[in-house]
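Residue numbers (the working numbering), protein chains in the order written: chain A, 5 to 222; chain B, 8 to 203.
Cβ atoms here follow ideal geometry from the backbone N, Cα and C, with glycine treated the same way.
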Amino acid sequence: MAVQSSFKNMTICLLAICLVCSGLLAGVYALTKEPIDAASKAKNEAAIKEVLPEEVAKIEEERSIEVDGVTYTYNLAYDESGNTVGCAVNVAPVGFGGPIVIKVGFKVDAQTGKNLVWNTKVLSHAETPGLGAKCSEPAFADQFKGLDPVAKKLSVTKDGGDIDAITASTITSRAFTNGVATAVNVLSAIAGTPMLIDNATGASSTEWNAPADSTVTK
Amino acid sequence: MGKFQLITKGLIKENPTFVLLLGMCPTLATTTSAINGMSMGLATTFVLILSNIVISAIAAYIPDKVRIPSYIVVIATFVTLLQFVMQAYVPDIYETLGLFIPLIVVNCIVLGRAEAFANKNSVVDSALDGIGIGLGFTVSLTLLGVVREILGSGSAFGFKFIEGDGILAFVLAPGAFIALGYLIVLFKKLTSKKAE
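Below, the structure written as structure tokens:
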């Protein structure tokens, strides 16, 4: 059926096939690069909008900040008159199957200094389907909606906190909750005011001048 | 073998999942829900049809000793193309299947059909064979996905009809083996009756 193999024709044949294929791939890559970037950008923006309050009119470009030796990225958001009203922080706590990438949105009130966790969105995760994967479902995730990090303790009830864990998925719930707590810490660093009940010690200090670091164990 | 039979044989007589038992890795991994199974099946079908066409067209010019690397390069090219296109235009499906798309390259169905059918048959026949086997694979994966989703999550194609959790094991790996095993038994029983 096929041609007799010789060193020359084998080399030429493979070379030709690889050349044609890589040319084709380069072409399609160039064609799809723009839509791929646009899709990932649109997805990111949609996720930011989803976790921030409605009055947000303008979302700023992504910035980054270093907290406890880890670099986090975040977007600030303004209302129509230019006041900071929201902040979306990206965190990636390690869950049961790998990092859970979460965007945590805050409603920021610059005047009263009162900041609420507004909404959370899981961007990617590798948790067990049917168990840990439920962390993006309302039953669990809605606990963080409108949560005041000063009034509630951000750890699962098993650890003495105020968050009900997903049944049979304590590791995922713990990671998720820690992620939100990390985000609160990051926001503290951004705003320059600490705003979290001390997770590590369990002390429910609501004092604003409490140290911002030392709180979240990753 | 008639042209029509080339398509239908993939559904029952040479069903890749239940009879040939090929491509088990993506079968077990992606059928956690009906939609996932179906998308994986369709993605594989796309690659299978195109690679069958191209390989049957170029097989006569490829020296025998380098045919496998040549086929693999052709298949890998189509898979990568598919990956780019899905990422650009259907990012949601890409996200669910992302990890498994590259695995189509090493899916034994694709290389298996290239080696067993496409390199000995005409372009038209190979395309039909690709359609047939691809459809068989898609139907099987969807079926397995439906069964696992109903038992595991109490829903089908994302529509929840039973409150609560279902038998979680069916969404996890062990359930994949159990469900697949029983479906093969059922399939054999149905087809053997037909043969008699």
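Name the chain B residues that come within less than 8 Å of residue 17 of chain A, Cβ to Cβ?
-> As a position in the first sequence, residue 17 of chain A is number 13, starting the count at 1. Neighbours of residue 17 of chain A on chain B, chain order: 68, 69, 70, 73 and 77.
Put residue 39 of chain A into one of helix, strand or coil per three-state DSSP.
-> Numbered from its first residue, the first sequence carries residue 39 of chain A at position 35. If DSSP states are grouped into helix, strand and coil, residue 39 of chain A belongs with the helices.
For residue 109 of chain A, which residues does DSSP report across the bridge?
-> For the purposes of this step, residue 109 of chain A is taken as residue 105 along the first sequence, with counting starting at 1. Partner(s): A:92 and A:123.
Residue 50 of chain A to residue 77 of chain A span [Cα, whole Å] = Working through the first sequence from its first residue, we reach residue 50 of chain A at position 46. Working through the first sequence from its first residue, we reach residue 77 of chain A at position 73. Rounded to whole angstroms, residue 50 of chain A to residue 77 of chain A spans 16 Å at the Cα level.
Member of B:31, B:121 and B:19 whose CA lies at the smallest distance from the CA of residue 196 of chain B = The count along the second sequence starts at 1 and reaches residue 196 of chain B at position 189. Ranking the options by Cα distance to residue 196 of chain B, first place goes to B:19.
Pick from B:56, B:118, B:200 and B:99: whose alpha carbon is nearest that of residue 75 of chain B?
-> The residue you call residue 75 of chain B lines up with position 68 of the second sequence. Nearest option by C-alpha distance: B:118.
Kindly provide the ranges of any beta strand (DSSP E) runs that are 3 or more residues long and lie completely inside the region 146-179 of chain A, ordered along the chain.
-> Whole beta strand (DSSP E) segments, 3+ residues: zero.
N-terminal and C-terminal residue of the beta strand (DSSP E) that residue 71 of chain A is part of = Here the question's residue 71 of chain A lines up with position 67 in the first sequence. Residues 67-71.
Residue 132 of chain A - DSSP class collapsed to helix/strand/coil | Here residue 132 of chain A is taken as the residue at index 128 of the first sequence, counted from 1. Reduced to three states, the DSSP call for residue 132 of chain A is coil.
Residue burial classification, residue 32 of chain B (beta-carbon count within 10 angstroms, cutoff 16) | Translated into positions along the second sequence, residue 32 of chain B becomes position 25. Exposed, because fewer than 16 other Cβ atoms sit within 10 Å of the Cβ of residue 32 of chain B.
Quick one, which of A:98, A:90, A:68 and A:61 has its alpha-carbon nearest residue 84 of chain A's?
-> Taking the first sequence and counting its residues from 1, the one referred to as residue 84 of chain A is at position 80. With distances taken between CA atoms, residue 84 of chain A lies nearest to A:61 out of A:98, A:90, A:68 and A:61.
Start-to-end residues for the alpha helix (DSSP H) that takes in residue 36 of chain B = Taking the first residue of the second sequence as 1, we reach residue 36 of chain B at position 29. Taken as a continuous stretch (DSSP letters only), the alpha helix (DSSP H) holding residue 36 of chain B covers 31-37.
Within 8 Å (strictly less), CB to CB, does residue 170 of chain A reach chain B?
-> Along the first sequence, read from residue 1 onward, the residue named residue 170 of chain A stands at position 166. No - not a single Cβ of chain B is within 8 Å of the one on residue 170 of chain A.
What residue from A:118, A:98 and A:94 has the CA that sits closest to residue 178 of chain A's CA?
-> Taking the first residue of the first sequence as 1, we reach residue 178 of chain A at position 174. If we check each option's Cα against that of residue 178 of chain A, A:98 comes out closest.
Beta-carbon of residue 36 of chain A versus every beta-carbon of chain B: anything under 8 Å?
-> What you label residue 36 of chain A is simply residue 32 of the first sequence in a count that begins at 1. Output row for residue 36 of chain A: interface = yes.
Looking at the structure shown, is residue 128 of chain B part of a helix, part of a strand, or coil, going by DSSP?
-> In the second sequence, the residue the question calls residue 128 of chain B occupies position 121. Assigned with DSSP and collapsed to three states, residue 128 of chain B falls in coil, not helix or strand.
Reduced DSSP secondary structure (H/G/I, E/B, other) of residue 74 of chain A = Translated into positions along the first sequence, residue 74 of chain A becomes position 70. DSSP places residue 74 of chain A in strand when its eight states are reduced to three.
Is the Cβ of residue 103 of chain A closer than 8 Å to any Cβ of chain B?
-> Residue mapping note: residue 103 of chain A aligns to position 99 of the first sequence, counting from 1. Closer than 8 Å to the CB of residue 103 of chain A there is not a single CB belonging to chain B.
Have a look at residue 79 of chain A and residue 68 of chain A and give me their C-alpha separation to the nearest angstrom.
-> If you number the first sequence from 1, residue 79 of chain A lands on position 75. If you number the first sequence from 1, residue 68 of chain A lands on position 64. If you take the alpha carbons of residue 79 of chain A and residue 68 of chain A, they lie about 9 Å apart.
By the criterion of Cβ-Cβ separation under 9 Å, what are the contact partners of residue 187 of chain A in chain B?
-> Residue numbering aside, residue 187 of chain A sits at position 183 when the first sequence is read from its first letter. What residue 187 of chain A touches in chain B: nothing, since even the nearest Cβ is about 22 Å away.
Chain-ordered neighbours of residue 13 of chain A on chain B, where CB pairs are closer than 7 Å | Taking the first residue of the first sequence as 1, we reach residue 13 of chain A at position 9. Chain B residues near residue 13 of chain A: 70.
First and last residue of the uninterrupted alpha helix (DSSP H) at residue 12 of chain B | The residue labelled residue 12 of chain B in the question sits at position 5 within the second sequence. Start and end: 10-15.
Using a Cβ-Cβ cut-off of less than 8 Å, give me the residues of the region 93-104 of chain B that come near chain A, in sequence order.
-> Listed by position along the chain: 94, 95, 96, 98 and 102.
Compare the C-beta of residue 40 of chain A against all C-beta atoms of chain B and say whether one is closer than 8 Å.
-> For the purposes of this step, residue 40 of chain A is taken as residue 36 along the first sequence, with counting starting at 1. Yes, because at least one Cβ of chain B sits closer than 8 Å to the Cβ of residue 40 of chain A.
Would you kindly work out how many angstroms separate the C-alpha atoms of residue 145 of chain A and residue 61 of chain B, rounded to a whole number?
-> Working through the first sequence from its first residue, we reach residue 145 of chain A at position 141. Working through the second sequence from its first residue, we reach residue 61 of chain B at position 54. If I take the Cα positions, the gap works out to 49 Å.
Verify whether the separation of the beta carbon atoms of residue 135 of chain B and residue 27 of chain B is less than 8 Å.
-> On the second sequence, position 128 is the one that residue 135 of chain B refers to. On the second sequence, position 20 is the one that residue 27 of chain B refers to. Not closer than 8 Å, so no.
Could you check where the alpha helix (DSSP H) with residue 112 of chain B kicks off and where it finishes?
-> Taking the second sequence and counting its residues from 1, one reaches residue 112 of chain B at position 105. Looking at the DSSP string, residue 112 of chain B is not in any alpha helix (DSSP H), and its letter there is neither H nor E.
Hey, does residue 81 of chain B have any beta-carbon neighbour from chain A nearer than 8 Å?
-> By one-based count along the second sequence, residue 81 of chain B stands at place 74. With 8 Å as the cut-off, residue 81 of chain B counts as an interface residue toward chain A.
What residues from chain A crowd round residue 53 of chain B, counting only those whose CB sits closer than 9 Å?
-> Stepping through the second sequence from its first residue, residue 53 of chain B is reached at position 46. In chain order: nothing, as chain A lies at least about 14 Å away.
Between the C-alpha atoms of residue 86 of chain B and residue 86 of chain A, what's the straight-line distance to the nearest angstrom?
-> Position 79 of the second sequence holds residue 86 of chain B. Position 82 of the first sequence holds residue 86 of chain A. Each residue's alpha carbon lies about 47 Å from the other.
So which of B:131, B:82 and B:50 has the shortest CA-CA distance to residue 113 of chain B?
-> Within the second sequence, numbered from 1, the residue matching residue 113 of chain B stands at position 106. Residue 113 of chain B has its Cα closest to that of B:82, out of B:131, B:82 and B:50.
For residue 151 of chain B, is the classification buried or exposed, using 16 other Cβ atoms within 10 angstroms of its Cβ as the cut-off for buried?
-> As a position in the second sequence, residue 151 of chain B is number 144, starting the count at 1. Classification of residue 151 of chain B: buried, given that the 10 Å Cβ count is 16 or more.
Chain A contact for residue 88 of chain B (CB, 8 Å cutoff) = Residue 88 of chain B sits at position 81 when you count from the first residue of the second sequence. Output row for residue 88 of chain B: interface = yes.
Does residue 201 of chain A have its Cβ less than 8 Å from a Cβ in chain B?
-> Stepping through the first sequence from its first residue, residue 201 of chain A is reached at position 197. Because the pLDDT of residue 201 of chain A is 42, which lies under 50, any placement of that residue in the model is unreliable, and the question is left without a value.
Can you tell me whether DSSP reads residue 57 of chain A as helix, strand or coil?
-> The count along the first sequence starts at 1 and reaches residue 57 of chain A at position 53. Residue 57 of chain A: coil per DSSP, three-state reduction.
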